[in-house]
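FYI, in the working numbering the residues of the sequence shown are 95 to 318. Where a beta carbon is used, it is the ideal one built from N, C-alpha and C, also for glycine.
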Amino acid sequence: MYFGSRYIDPTTDFGFKRLFGQEDSKEILRGFLHAILDPPHPIVDLSYMPTEQMPELTEERTGIYDVYCVDSEGQRFIVEMQRAKQIFFKDRSLYHVTFPIIQQMRRGEREYPFRLLPIYCIAVLNFRMDDDPRHMRHIALCDEATGRVFYDKLTFVYIELPKFAGTLDDNLSLADKWIYVLRNMPALADIPAELAAEEPFPQRSRRHSRPPSPPPNASATRRC
Numbered sequence: 095m096y097f098g099s100r101y102i103d104p105t106t107d108f109g110f111k112r113l114f115g116q117e118d119s120k121e122i123l124r125g126f127l128h129a130i131l132d133p134p135h136p137i138v139d140l141s142y143m144p145t146e147q148m149p150e151l152t153e154e155r156t157g158i159y160d161v162y163c164v165d166s167e168g169q170r171f172i173v174e175m176q177r178a179k180q181i182f183f184k185d186r187s188l189y190h191v192t193f194p195i196i197q198q199m200r201r202g203e204r205e206y207p208f209r210l211l212p213i214y215c216i217a218v219l220n221f222r223m224d225d226d227p228r229h230m231r232h233i234a235l236c237d238e239a240t241g242r243v244f245y246d247k248l249t250f251v252y253i254e255l256p257k258f259a260g261t262l263d264d265n266l267s268l269a270d271k272w273i274y275v276l277r278n279m280p281a282l283a284d285i286p287a288e289l290a291a292e293e294p295f296p297q298r299s300r301r302h303s304r305p306p307s308p309p310p311n312a313s314a315t316r317r318c
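Encoded structure:
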């Protein structure tokens, strides 16, 4: 008998972590990161980091991620799914990146004591964060007067699924194809042929029982 979708719902905590947060999901996660970030250098390998980060002071909040990983160059990637609307989600995502910043400030580093490797925070939201009509936004620290990127090692990407209206009849970018899958996966019986040729797409994400050198400075060319 057929009981609805054959695929997990990636907007749920279990579904999102099953899709991106397990050892056998690394290639899927790497493909997603490449599509969304379009990095200047390939992400060669990924290692998962603990998703619970303890603060230095007991009265501070613990940092809890859906997916947290580092690549072979030391770049950090935080990937979050937020299903329910949260008014201060921008504040929350900013707090989350403080942990990988602090972790890189190790004592004993004498040659470059404050050198940081890039940090990316990708948030997939199942709600509208604000009135901006764009379904995906890349946010960086910019010079207000010139609009040029002031600091290119801290990037936030916000993907708002309810704002995405693309269809398979559209000429979708690779990033938008991923967003289409994340938005529509619960209703799919199979990955559409238009998407199946893309690698790696989450073609293995059927329902399962529980639980079975940093990029060169581009600030001279990037603009906000």
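DSSP bridge partner residues for residue i (one or two, in chain order)
{"i": "Ala291", "result": "Answer by DSSP bridge pairing: none, since Ala291 is not bridged."}
{"i": "Ser141", "result": "Val164"}
{"i": "Ala217", "result": "Glu174, Tyr252"}
{"i": "Ala159", "result": "Reading off the sequence, residue 159 comes out as Tyr, not Ala. Answer by DSSP bridge pairing: none, since Tyr159 is not bridged."}
{"i": "Glu146", "result": "Ile158"}
{"i": "Arg231", "result": "Tyr252"}
{"i": "Val243", "result": "Cys236"}
Cut-off 7 Å between Cβ atoms - residues of its own chain near residue i, not counting five sequence neighbours on either side
{"i": "Asp139", "result": "Asp165, Ser166"}
CB of residue i within 8 Å of CB of residue j, strictly
{"i": "Val191", "j": "Leu248", "result": "yes"}
{"i": "Pro194", "j": "Arg170", "result": "yes"}
{"i": "Ile172", "j": "Tyr159", "result": "yes"}
{"i": "Ile273", "j": "His229", "result": "yes"}
{"i": "Ile130", "j": "Ala291", "result": "no"}
{"i": "Ala283", "j": "Arg100", "result": "yes"}
{"i": "Phe244", "j": "Lys179", "result": "no"}
{"i": "Phe250", "j": "Ser187", "result": "yes"}
Residue i to residue j span [Cα, whole Å]
{"i": "Leu219", "j": "Gln197", "result": "26 Å"}
{"i": "Ser141", "j": "Thr106", "result": "23 Å"}
{"i": "Cys236", "j": "Pro256", "result": "27 Å"}
{"i": "Arg301", "j": "Ile213", "result": "Here Arg301 scores only 46 on pLDDT, less than 50, and its place in the model should not be relied on; the value that follows carries that caveat. Approximately 32 Å, taken between the alpha carbons."}
{"i": "Arg231", "j": "Cys215", "result": "12 Å"}
{"i": "Glu288", "j": "Glu117", "result": "27 Å"}
{"i": "Met279", "j": "Phe258", "result": "14 Å"}
{"i": "Arg242", "j": "Arg200", "result": "30 Å"}
{"i": "Asp264", "j": "Pro136", "result": "27 Å"}
{"i": "Asp225", "j": "Met143", "result": "34 Å"}
8 Å CB neighbourhood of residue i in its chain, flanking five on each side removed
{"i": "Phe183", "result": "Gln176, Ala217, Leu219, Met223"}
{"i": "Thr145", "result": "Gly115, Ile158, Tyr159, Asp160, Val161, Tyr162"}
{"i": "Leu262", "result": "Tyr274, Pro286, Glu288, Leu289"}
{"i": "Asp185", "result": "none"}
Beta-carbon proximity list for residue i, same chain, < 6 Å, skipping 5 on both sides
{"i": "Gly260", "result": "Leu266, Asp270, Tyr274"}
{"i": "Phe110", "result": "Pro104, Asp160, Met175"}
{"i": "Ala239", "result": "none"}
{"i": "Arg277", "result": "Leu255, Phe258"}
{"i": "Ile181", "result": "none"}
Nearest candidate by alpha-carbon position, reference residue i, set the options
{"i": "Ile253", "options": "Phe108, Asp264, Pro227", "result": "Pro227"}
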